[in-house]
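The block underneath contains the structure these notes are about, expressed in structure tokens.
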Amino acid sequence: MSTQGLTYVYKNEELSIEAFKEYRLNKGVVCKKCGSKHHYWLMSKLQFQCVDCRFRTTLRSGTVLQGSKLPYSYFFIAINLLSKQGNRLTLDEFQKHTGHKYYEPLWEFLNKLKINLDESERGLILSTYSDILSKHFRLGLIIDNTFPLVTERQLLPEVDLERVAAR
Ligand SMILES: [Zn+2]
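In this text, residue positions in the sequence shown follow numbering that gives the first Met the number 0: the first is 0, and each later residue adds one.
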């Protein structure tokens, strides 16, 4: 598959959100207020809620995506390209793959990823995405030849308070 074709696999925002959530859970989400590691996942708000004190942590906070408003899919598009091309990846090329109009937010975004995520971290992130992708295939939520044309909302049932297993 061409690089452009592979990028397509990462362009699904719903899967990207789920994969990013999973990636964070694997790293461990710690409550800033009470230090607890047990959280609920609030799907509609994209926040973790502490089981012990109810304090909320947004999906981006405390991560390389803090402060960014760009889609989660850009994160996986970038990591996929970085894992193939390393830090030689240019802003032009990243922009081409995302189709995003403006340079500036992309520039900051890409630099942060280049600086903060090393090769093994990039591998971990991509394998998390691929786990989520295969889970969706297994559950029949995506059918091969329609992916990724399935609309975002069809992919996941709206679960407002999904219990996140304590790790
Ligand atoms: Zn707490």
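Ideal placement from N, C-alpha and C gives every residue a C-beta, glycine not left out.
In this structure, residue 60 has its CB at a distance of at least 8 Å from all heavy atoms of ligand 1.
The bridge partners DSSP lists for residue 55 are 48. In the three-state DSSP reduction, residue 34 falls in the coil class, being neither helix nor strand. The shortest CA-to-CA distance from residue 84 to any of 135, 118 and 39 is the one to 118. With 16 or more other Cβ atoms from the protein chains shown falling within 10 Å of its own Cβ, residue 127 counts as buried. Linking residue 26 to residue 134 through their CA atoms gives a straight-line distance of about 20 Å. A straight line joining the alpha-carbon of residue 33 with that of residue 92 spans about 43 Å. Collapsing the DSSP output to three states places residue 11 in coil. The residue among 94, 47 and 54 with its C-alpha nearest the C-alpha of residue 76 is 94. Nearest C-alpha to residue 61 among 13, 137 and 20: 20. Taking non-hydrogen atoms of ligand 1 into account, the C-beta of residue 34 is found less than 8 Å away from one of them. Look at residue 69 here: in three-state DSSP terms it is coil, with no helix or strand label. Taking residue 12 as reference, the option from 42, 73 and 23 with the minimal CA-CA separation is 73.
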